[in-house]
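Worksheet: one structure, shown below.
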Amino acid sequence: MKSVARIALLSGCIALVSASNITLPGCGNPANAVPFYRSFNAADVDHWYTPDVSQINYFNPVGFALQGVTGMVFLTQESGTTPFYRLYSYALMDNFYTISPSEKATAEADGYVTEEGTSPVAYIYPTQVCGSIPLYRLYHSSKHDNFYTTSDVERSQAVATGGYDFVEIAGYILPLGCAAPA
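So the sequence shown is residues -19 to -1, 1 to 163, counted in mature numbering (1 follows the signal peptide of the UniProt record, and there is no 0).
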């Protein structure tokens, strides 16, 4: 019975991988999507996100702890995607992410700096298309922490018991799925 269940699960994963390599018109190629890692610094109360594993390896020894993968993003512009910028406030010790040029400009006027210079940290969808899921933005005003999640449960818990306010849907990213065989 266990073998039947494993075969069914493997078949489902193969079907997902096969389907994920199909590029729909107006959609990025899911095969080009990479994990968007989430880390947290408890001392500074700062959530931080990156698609770059080397950055995770650099920042973890200085107080950040890897919390997992939020979803999948693109490193280069794909069909239907838009730049997703990471900005940082040294005064507030806060990372802020946005696809909005006006939000980016306002944050820069408030002292945030774009972490990657003029380049975005990733590319994501501005609307829910191509099987993407919402990336929720929450904010803790007294701790100055922007928190992003794709989980409805995590979002609800952060609002109900964590002191966060729901701000907006920051954009849309691809969900985690079965990995393609190496």
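The C-beta atom is built at its ideal place from N, Cα and C for all residues, glycine as well.
Contact check between the region 32 to 52 and the region 89 to 99: fewer than three CB pairs, one atom from each, fall below 8 Å, which does not count as touching. Ranked by Cα distance from G61, the first of G158, Y120, P11, K124 is P11.
Residue pairing from DSSP leaves F40 without any beta-bridge partner.
Closest by C-alpha distance to Y39, out of H121, L73, S20, Q109, is S20. A direct Cα-Cα distance of roughly 6 Å separates L73 from H125.
Y145 sits away from L116, with the two beta carbons spaced by 8 Å or more.
About 6 Å separates the CB atoms of Y106 and G152; that is less than 8 Å, so the two are in contact. The three-state secondary structure of Q109, taken from DSSP, is coil. Beyond the five residues adjoining it in sequence on each side, P64 comes within less than 7 Å, by CB distance, of I80, P101, Y104 in the same chain, given in chain order.
Annotation for V34: Y18 place their beta carbon closer than 8 Å to its own, counting only its chain and skipping 5 residues before and after. Under a 10 Å Cβ-count criterion, Y129 is classified as buried, with 16 or more other Cβ atoms of the shown protein chains found around its own Cβ.
Taking the Cα positions, T108 is about 31 Å away from Y71.
For V50, no alpha helix (DSSP H) encloses it; the enclosing beta strand (DSSP E) starts and ends at 45 to 55.
Nearest C-alpha to A139 among H28, P16, A46, P82: H28.
The alpha carbon of T131 has as its nearest neighbour, out of H121, S137, T142, I114, the alpha carbon of I114.
Taking each of A23, N127, T57, A24 in turn and checking the Cα distance to Y69, the smallest one comes out for N127.
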